[in-house]
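Asker: Residue numbers (the working numbering), protein chains in the order written: chain A, 694 to 1048; chain B, 694 to 1048.
(1) Cα-Cα, which of 926/B, 804/B and 798/B is closest to residue 813/B?
(2) Contact defined as beta carbons within less than 8 Å: I believe residue 793/A pairs with residue 899/A. What is the distance between those atoms, to the nearest angstrom?
(3) Counting only C-beta atoms, is residue 735/A closer than 8 Å to chain B at any point?
(4) Take every Cβ of the region 946–961 of chain A, pair it with every Cβ of the region 1034–1044 of chain A, and state whether three or more of those distances are shorter than 8 Å.
(5) Looking at the C-beta of residue 920/B, does it have a partner C-beta in chain A at a distance below 8 Å?
(6) So, for residue 846/B: in the same chain, excluding its five sequence neighbours on each side, which residues have a beta-carbon less than 6 Å away from its beta-carbon?
(7) Note down the Cα distance separating residue 817/A from residue 718/B, rounded to an integer number of angstroms.
(8) Taking contact to mean 3 or more Cβ pairs, one atom from each stretch, closer than 8 Å, check whether the region 856–873 of chain B and the region 887–906 of chain B are in contact.
(9) Among all the DSSP beta bridges, which residues are the ones paired with residue 1121/B?
(10) Does residue 814/A come out as helix, strand or coil in the three-state DSSP assignment?
(11) For residue 879/A, does the count of other Cβ atoms within 10 angstroms reach 16, so buried, or fall short, so exposed?
(12) Pull out every residue of the region 835–852 of chain B whose Cβ sits closer than 7 Å to any Cβ of chain A, in chain order.
(13) Please say whether residue 955/A and residue 937/A have beta carbons closer to each other than 8 Å?
(14) Could one say the Cβ of residue 746/B lies closer than 8 Å to chain A's Cβ atoms, at least one of them?
(15) Any residues in the region 873–902 of chain A with a beta carbon nearer than 7 Å to a beta carbon of chain B? Which ones, in chain order?
(16) Here's the rule I'm using: 16 or more other beta-carbon atoms within 10 Å means buried, otherwise exposed. How should residue 971/A be labelled?
(17) Mapping DSSP to helix, strand and coil, what is residue 1027/A?
(18) Note down, in chain order, all residues in the region 793–821 of chain B with a beta-carbon under 7 Å from any beta-carbon belonging to chain A.
(19) Rounded to the nearest angstrom, what separates residue 965/A and residue 924/A at their Cα positions?
(20) Flag residue 860/A as yes if its beta-carbon sits less than 8 Å from any beta-carbon of chain B, otherwise no.
(21) Residues of chain A with a CB under 9 Å from the CB of residue 906/B: which are they?
(22) Decide if the region 836–854 of chain A is in contact with the region 784–793 of chain A; the criterion is three or more beta carbon pairs, one per stretch, under 8 Å apart.
(23) Just to check my reading of the structure: residue 823/B and residue 941/A have Cβ atoms closer than 8 Å, yes? What is that Cβ distance to the nearest angstrom?
(24) Starting from the Cα of residue 787/B, find the closest Cα among 807/B, 736/B and 907/B and give me that residue.
(25) Taking 8 Å as the threshold (beta carbon to beta carbon), is residue 926/B in contact with chain A?
(26) Taking buried to mean at least 16 other C-beta atoms within 10 Å of its own C-beta, is residue 763/B buried or exposed?
(27) In or out: residue 809/A buried (at least 16 other Cβ within 10 Å) or exposed?
(28) Whose CA, out of 910/B, 1012/B, 1033/B and 929/B, lies closest to the CA of residue 842/B?
(29) Can you find a C-beta in chain B that's less than 8 Å from the C-beta of residue 871/A?
(30) Looking at the C-beta of residue 738/A, does it have a partner C-beta in chain B at a distance below 8 Å?
(31) If you check the beta carbons only, do residue 826/B and residue 784/B fall under 8 Å apart?
(32) Along the alpha helix (DSSP H) that carries residue 795/A, what are the first and last residues, could you check?
(33) First and last residue of the alpha helix (DSSP H) that includes residue 999/A?
(34) 8 Å is my cut-off, CB to CB: does residue 1026/A come that close to chain B?
(35) Quick one: which chain B residues come within Cβ less than 7 Å of residue 867/A?
(36) Mind checking if residue 984/A is an interface residue toward chain B, Cβ cutoff 8 Å exclusive?
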């Protein structure tokens, strides 16, 4: 998959930094500001946040690793460099995006009852629901404040973009929760278009905002910021498609979730909806297998049916197509070519998670 | 109490509208915009919000009453009129403040386990914890968005003020939760100064922001916006002091909470801390009575001790002093006198809740 997505011809003769090198560079740029912002929080929510970022254990002992890969802040840095602004100008946007991302994981884990996150206990599991609600609120407030206090020609526009995105994020999460309780077939079933609208909000909006927020803050022209946002949106949908595949067929050791977990929970994800669209007889069979606390054999059989009907291939094809489309969109506008290369390498990393 | 707080001489000969009339006028001005904003939410969080505002029952049936009195949006309107801007200019600020207020009640009720709010089930009790977390997030995001999209000379400054206040609110709530588990005596005990800093954040910051946000949005000069914020801060502390008295001696039929509920939960509130400051022998006696699931007789005895030591009178005096100080501060700057009168009448209403 990564080979196919990497078929484009490099436009720069300079050796392109590898995606891991880009992530390291961006983390080193952003993390000091992120730590400084989090240190300003009340020590209660502050410790929960530091745990979520992988900076300490639940008891406060310093630790390293365990945080996320930092893809979203890296998108913010690269997007900003791509419009010829300095990486430093991106820092408030990158910090705000990482804070919002972590806020949303913290609150979503409460809603979804997820006990593990980034290979450690989720915030509510480690600290209790009330403290996790408050820590999420603290991160949310800090994100908006960081951006509102940033200098930059487009400061007001950046805050507006962030707040529109926040509304989308909440809307997408509300749909996602609702979809779990809807039937597999009949007039109440979730359609592919509805699913895509949900994923565009829940996952696409944050990546779109991550990619365009620094450029908006730097006052870049709409042609560039809109193109970057559209590319981010595509990456978000691609990321979600891969995540959906991992949610059924992912290795529990890698995903940290039980195998077939999405099917067990009745989640209508892209592989399932794609398979059902291609094979109308699948819906009733899945419904028979998955309604009312299915056993392990029923869930395994359902996963097999979805795969046989082409659902897994459908979702991965969808992801690759979106990454390719984003690449072409970015190449068509006057952005810094080397930064576009780095963005594209990073987007391929989104696809290339272990399946 | 209301008599004493009303000793000032009216500066206008025109009959001053009563506080209830002011609340009605401001509600009629703000509610259409508030309803319109909430209607734009996803139907899931939207219904939870509508229930919290008293617009529908938990099943969605329309209802009326049951919402709050709307003191905070009224402060936003009056503050704006006091700097000679139009009431209409205040609407985005008033809507943002009411959304933030409701968000914070919704999440605080989860943290505090409070089952009743505004004489109906709290959001988590009626709809579940996850949906209440999400609905709170939706209101928070909507508040910031409403303000960020408002026109007005001070739009950026207003967003910054709102986000600083949000951080204060979270910090105050974190302290409040933490204080419950701290001892009644010894080096770890909560002092009066610490309590005031907590209340200034948890309650004062929102009222300060409510009073000054419209004026900041309208681009009023700092002398006026700072004075209005300081007055709002005093009202917040006064409101909290009265709330603390109600939390011990309030009529359960009025407060919706069991009698002595704050003592039962180990809350270190102003009457208790004031009484302990005046009578050093009180701490150990309260500790003996209230540690480890006290029975009804112990809690009643503790309330009696706090009252005898003068704690109740201390808190009410504190509230009256603050309302009087705010009145004098407002009278000392060039604000519209009739609006100042209305603000003062409203602040007296904060004191005059049924004890």
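For each residue, glycine too, the CB sits at the ideal point set by N, CA and C.
Answerer: Result, derived from the coordinates:
(1) As a position in the second chain, residue 813/B is number 120, starting the count at 1. Checked all of 926/B, 804/B and 798/B; the closest Cα to residue 813/B is 798/B.
(2) In the first chain, counting from the first residue as 1, residue 793/A sits at position 100. In the first chain, counting from the first residue as 1, residue 899/A sits at position 206. With 8 Å as the limit, residue 793/A and residue 899/A qualify as a contact, their Cβ atoms being about 7 Å apart.
(3) Residue 735/A sits at position 42 when you count from the first residue of the first chain. It does; some Cβ of chain B falls within 8 Å.
(4) With a cut-off of 8 Å, the region 1034–1044 of chain A and the region 946–961 of chain A do not count as touching, because too few Cβ pairs lie within range.
(5) To locate residue 920/B, count along the second chain from 1; it is residue 227. Judged by the 8 Å Cβ criterion, residue 920/B is not in contact with chain A.
(6) Walking along the second chain from the start, residue 846/B turns up at place 153. Taken in chain order, the residues that qualify are 912.
(7) Taking the first chain and counting its residues from 1, the one referred to as residue 817/A is at position 124. Taking the second chain and counting its residues from 1, the one referred to as residue 718/B is at position 25. Taking the straight line from one Cα to the other gives about 43 Å.
(8) yes
(9) With chain B covering 694 to 1048 only, the question about residue 1121/B has no answer from this structure.
(10) The residue you call residue 814/A lines up with position 121 of the first chain. The three-state secondary structure of residue 814/A, taken from DSSP, is strand.
(11) Position 186 of the first chain, counted from the first residue, corresponds to residue 879/A. So residue 879/A ends up on the exposed side.
(12) 835, 837, 838, 841, 842, 848, 849 and 852
(13) Stepping through the first chain from its first residue, residue 937/A is reached at position 244. Stepping through the first chain from its first residue, residue 955/A is reached at position 262. Yes.
(14) To locate residue 746/B, count along the second chain from 1; it is residue 53. Not an interface residue.
(15) none
(16) For the purposes of this step, residue 971/A is identified with residue 278 of the first chain, where counting begins at 1. Classification for residue 971/A: exposed.
(17) Reading the first chain from its first residue, position 334 is the one you call residue 1027/A. In this structure, residue 1027/A counts as coil in the three-state DSSP scheme.
(18) 800, 803 and 804
(19) Here residue 965/A corresponds to residue number 272 of the first chain, with the count starting at 1. Here residue 924/A corresponds to residue number 231 of the first chain, with the count starting at 1. So the alpha carbons of these two residues sit roughly 25 Å apart.
(20) Within the first chain, numbered from 1, the residue matching residue 860/A stands at position 167. Yes, residue 860/A counts as interfacial toward chain B.
(21) As a first step, residue 906/B must be located in the second chain, where it is residue number 213. Ordered by position in chain A, no residue passes the 9 Å Cβ test against residue 906/B, which lies about 13 Å from the chain.
(22) Between the region 836–854 of chain A and the region 784–793 of chain A, the count of C-beta pairs closer than 8 Å reaches three or more; the two stretches touch.
(23) As a first step, residue 823/B must be located in the second chain, where it is residue number 130. As a first step, residue 941/A must be located in the first chain, where it is residue number 248. With 8 Å as the limit, residue 823/B and residue 941/A do not qualify as a contact, their Cβ atoms being about 23 Å apart.
(24) Start at 1 with the first residue of the second chain, and residue 787/B comes out as number 94. Among 807/B, 736/B and 907/B, the Cα nearest to that of residue 787/B is on 907/B.
(25) Here residue 926/B refers to the residue found at position 233 of the second chain. Chain A, which has no Cβ nearer than 8 Å to the Cβ of residue 926/B, makes this no.
(26) Looking up residue 763/B in the second chain gives position 70. So residue 763/B counts as buried.
(27) Walking along the first chain from the start, residue 809/A turns up at place 116. So residue 809/A counts as exposed.
(28) Within the second chain, numbered from 1, the residue matching residue 842/B stands at position 149. Per the Cα distances, 910/B.
(29) Here the question's residue 871/A lines up with position 178 in the first chain. Yes, residue 871/A lies at the interface with chain B (some Cβ there is under 8 Å from its Cβ).
(30) Counted from its first residue, the first chain places residue 738/A at position 45. Interface residue, yes.
(31) Reading the second chain from its first residue, position 133 is the one you call residue 826/B. Reading the second chain from its first residue, position 91 is the one you call residue 784/B. Result no, Cβ atoms of residue 826/B and residue 784/B do not sit closer than 8 Å.
(32) Position 102 of the first chain, counted from the start, is the residue given in the question as residue 795/A. Its alpha helix (DSSP H) spans residues 784–805.
(33) In the first chain, counting from the first residue as 1, residue 999/A sits at position 306. It spans 989–1001 - the alpha helix (DSSP H) in which residue 999/A sits, taken as one unbroken run.
(34) Taking the first residue of the first chain as 1, we reach residue 1026/A at position 333. Output row for residue 1026/A: interface = no.
(35) For the purposes of this step, residue 867/A is identified with residue 174 of the first chain, where counting begins at 1. Under the 7 Å cutoff, chain B gives 735, 737, 738 and 827.
(36) Your numbering for residue 984/A matches position 291 in the first chain. No, its Cβ sits nowhere closer than 8 Å to a Cβ of chain B.
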